[in-house]
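>
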Amino acid sequence: MDAIETLLCPADRDGIARAAALLRQGEIIALPTETVYGIAADARNGSAVAKIFKAKGRPQDNPLIVHIDDVKMLPGLVSEFPERAQLLAAAFWPGPLTIIMPRGPQVADECCAGLDTVGIRMPSHPVVRQVIEASGCAFAAPSANLSGRPSPTTAQDVLADMQGRLPLILDGGSCAVGVESTVVSVVGEKPTLLRPGYITLEDLERALGEEVILSGAILEKLAEGEVARSPGMKYKHYAPKADITILEGSFEQFKAYVEAHAGQDPACLCFTGEAEKLGVPCVEYGREGDGADQSRHIFRCLRALDEQGDRVVYARCPRKDGVSMAVYNRLIRAAAFRVIRL
Ligand code: TXA
Ligand code: MG
Numbered sequence: 032m033d034a035i036e037t038l039l040c041p042a043d044r045d046g047i048a049r050a051a052a053l054l055r056q057g058e059i060i061a062l063p064t065e066t067v068y069g070i071a072a073d074a075r076n077g078s079a080v081a082k083i084f085k086a087k088g089r090p091q092d093n094p095l096i097v098h099i100d101d102v103k104m105l106p107g108l109v110s111e112f113p114e115r116a117q118l119l120a121a122a123f124w125p126g127p128l129t130i131i132m133p134r135g136p137q138v139a140d141e142c143c144a145g146l147d148t149v150g151i152r153m154p155s156h157p158v159v160r161q162v163i164e165a166s167g168c169a170f171a172a173p174s175a176n177l178s179g180r181p182s183p184t185t186a187q188d189v190l191a192d193m194q195g196r197l198p199l200i201l202d203g204g205s206c207a208v209g210v211e212s213t214v215v216s217v218v219g220e221k222p223t224l225l226r227p228g229y230i231t232l233e234d235l236e237r238a239l240g241e242e243v244i245l246s247g248a249i250l251e252k253l254a255e256g257e258v259a260r261s262p263g264m265k266y267k268h269y270a271p272k273a274d275i276t277i278l279e280g281s282f283e284q285f286k287a288y289v290e291a292h293a294g295q296d297p298a299c300l301c302f303t304g305e306a307e308k309l310g311v312p313c314v315e316y317g318r319e320g321d322g323a324d325q326s327r328h329i330f331r332c333l334r335a336l337d338e339q340g341d342r343v344v345y346a347r348c349p350r351k352d353g354v355s356m357a358v359y360n361r362l363i364r365a366a367a368f369r370v371i372r373l
């Protein structure tokens, strides 16, 4: 790929004006959202959207989410705004929720990977909202990592992956949520959770007043030959260079297992306050049982393991419900689905 000069600049008025101008010219830029940093392109401009896939090295069959700042932008992007989507939008937009709806004619084919649906999200981050307002563009934006790497939650992490691949990164500090948006589909017979996030299964059920189906690929590996409803879920994901194994059990069992495997020179991905008790190099990813705290730190911690050069890593197992479901979902992918019950 031809090297492009990458400018890292604060997400202030000048930065936002530059980002908006680049988007209008059919360029791609990186920016913060409340979930993770994204790479944005005008969702109506196919050649601009194609640049995202090139910069990330993303497989063409993995569709992108389109970001809006007002439901008034929906006509043309979706062919229908189903009642369930209206309920969810009223409850959670602006915020970390993506709703899969029937696709409208304005969305570039490149966004949708041949599907007749499109994922729409209205973020709450003020920078996103100002960029949309200044550019007039609904933008397609995946997470701003190289495909397969942990999602970036700081501008420096975006730069580490994207230097020379896009012209501008807006620096808006650390992302408050830290894991990507919850993805829910309302196109099937029953509403279905395709990717867990800060908005939980219970939150969705409460807003809809009905059961929400949990898609198969969320808490375990997709069976061989099974079709992913959310294409992104089938890829090896969030993978640090280290071999991570999740150990499910108490802290005492975890510590004993790590001690029994001292010969491997392991490092640990553990909960806050546990590092000093383990006696090996550790990265703490949040308070035990606190899914929101763990979400905020998990991707930075996966990158920190790589920066330390750790090779064998044992990870404490998060809970599988509530906001923690999102952390477990990302961590089992980073661990290539290696989970040992102690
Ligand atoms: O929080 C987020 O959603 C971030 C920020 C930047 O907004 N974006 C993000 O995008 O995480 P990405 O591309 O990394 O993840 C999009 C996920 C993928 O798993 C993709 O397969 C799924 O959403 N997806 C997108 N459109 C879909 C569709 N029409 N049907 C089913 N799944 C879809
Ligand atoms: Mg991603």
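Take our numbering: the last position of the sequence shown gets the number 373, and nothing is skipped along the way.
Beta carbons are placed, not taken as given, at the ideal position from N, Cα and C, and that holds for glycine.
Nothing here was measured: the structure is a model prediction, and the numbers come from that model.
Any heavy atom of the ligand TXA within a distance shorter than 7 Å of the CB on valine 138?
Not so, every heavy atom of the ligand TXA lies at least 7 Å from the Cβ.
> Let me check one thing: in DSSP terms, what residues is valine 162 bridge-paired to?
Per DSSP, none; premise fails for valine 162.
> Residue range of the beta strand (DSSP E) that histidine 98 falls in?
Element bounds for histidine 98: 96-98.
> Tell me where the beta strand (DSSP E) around glutamate 315 begins and ends.
Residues 313-315.
> Where do the ends of the alpha helix (DSSP H) carrying methionine 193 lie?
From DSSP, the alpha helix (DSSP H) with methionine 193 extends over 186-193.
> Under a three-way DSSP split, which group does aspartate 274 fall into?
Looking at aspartate 274 - three-state DSSP - the assignment turns out to be strand.
> Starting from aspartate 147, trace the alpha helix (DSSP H) in both directions and tell me its first and last residue.
First-last for aspartate 147: undefined, no H or E at that position.
> If you scan the segment 309-367 from start to end, which runs of the alpha helix (DSSP H) of 4 or more residues do you find wholly inside it?
322-339 and 355-365, all fully within the segment 309-367.
> Do you know offhand how far threonine 206's Cα is from glutamate 241's?
The question names threonine, yet the displayed sequence has cysteine at residue 206. Each residue's alpha carbon lies about 31 Å from the other.
> Relative to the C-alpha of leucine 108, which candidate in Ala171, Gly46, Lys308 and Leu38 has its C-alpha closest?
Among Ala171, Gly46, Lys308 and Leu38, the Cα nearest to that of leucine 108 belongs to Ala171.
> Does the distance from the CB of leucine 309 to the CB of isoleucine 275 come in under 8 Å?
No, they are not a contact pair.
> In three-state DSSP terms, what is glutamate 279?
Here glutamate 279 sits in strand by DSSP.
> Look up valine 218 in the DSSP assignment and say whether it is helix, strand or coil.
In the structure shown, valine 218 sits in coil (DSSP, three-state: anything other than H, G, I, E or B).
> Sorry if obvious, but does the Cβ on proline 125 come closer than 7 Å to a heavy atom of the ligand MG?
Checking every heavy atom of the ligand MG against the Cβ of proline 125, none is found closer than 7 Å.
> With hydrogens ignored, establish whether the beta-carbon of proline 173 is closer than 7 Å to any heavy atom of the ligand MG.
Correct: proline 173 has its Cβ closer than 7 Å to the ligand MG.
> Rounded to whole angstroms, what is the Cα-Cα separation between alanine 191 and leucine 39?
Distance between the alpha carbons of alanine 191 and leucine 39: 11 Å.
> Per DSSP, aspartate 73 is paired with what?
The partner list for aspartate 73 (beta bridge, DSSP) reads Phe170.
> Given that a residue counts as buried once 16 or more other Cβ atoms are within 10 Å of its Cβ, and exposed if not, what is glutamate 211?
Buried, because 16 or more other Cβ atoms sit within 10 Å of the Cβ of glutamate 211.
> What does DSSP give as the partner residues of cysteine 40 in its beta bridges?
DSSP output for cysteine 40 lists Leu201 as bridge partner(s).
> Going straight from the alpha carbon of leucine 118 to that of isoleucine 96, what length do you get?
Taking the straight line from one Cα to the other gives about 19 Å.
> Over the uninterrupted alpha helix (DSSP H) stretch that includes arginine 115, give me the two end residues.
Looking at the DSSP string, the run of the alpha helix (DSSP H) that includes arginine 115 is 114-123.
> Starting from arginine 226, trace the alpha helix (DSSP H) in both directions and tell me its first and last residue.
Taken as a continuous stretch (DSSP letters only), arginine 226 belongs to no alpha helix (DSSP H), being part of the beta strand (DSSP E) at 223-226.
> List the whole-angstrom C-beta distance separating arginine 55 from cysteine 168, where the pair is believed to meet the contact cut-off of C-beta under 8 Å.
Going by Cβ atoms, the distance from arginine 55 to cysteine 168 rounds to 7 Å, so yes, they are a contact pair.
> Ignore the nearest five residues each way along the sequence and tell me which others in serine 326's own chain have a CB closer than 7 Å to its CB.
Once the five neighbours on either side are set aside, the close Cβ partners of serine 326 are Val208, Gly209, Val210, Tyr229, Val354, Ala357 and Val358.
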